[in-house]
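Student: Got a structure for you, questions after.
Residue numbers (the working numbering): 23 to 90.
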């Protein structure tokens with residue numbers, strides 16, 4: 023086979039099919055959900071430390087709230 027001909031066919035090869043845009047949307051949404059849970063838990067625990075009310079109301083612990 024002629025080398026120049028094999029190079030030409032390799033250059034003219036059709037590119038592989040790109041994945042759907044919905045794959046990117048799905049991966050992004052799953053990533054946001056994975057990040058949202060720890061963020062919500064941290065916010066909840068910090069707010070309960072500042073207020074002193076989690077299961078029952080006690081003296082607030084501002085140092086724990088600031089650390090959060």
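C-beta atoms are modelled at their ideal positions from N, C-alpha and C, and glycine is treated no differently.
1) Since residue 73 and residue 84 should fall inside the 8 Å C-beta cutoff, what is the C-beta to C-beta distance between them, to a whole number of angstroms?
2) Rounded to whole angstroms, what is the Cα-Cα separation between residue 66 and residue 38?
3) Buried or exposed: which applies to residue 71, given that a residue is buried once 16 or more other Cβ atoms fall within 10 Å of its Cβ?
4) What residue does the alpha helix (DSSP H) around residue 60 start on, and which one ends it?
Tutor: Based on what the coordinates show:
1) About 10 Å; that fails the 8 Å criterion.
2) 47 Å
3) buried
4) 43-73
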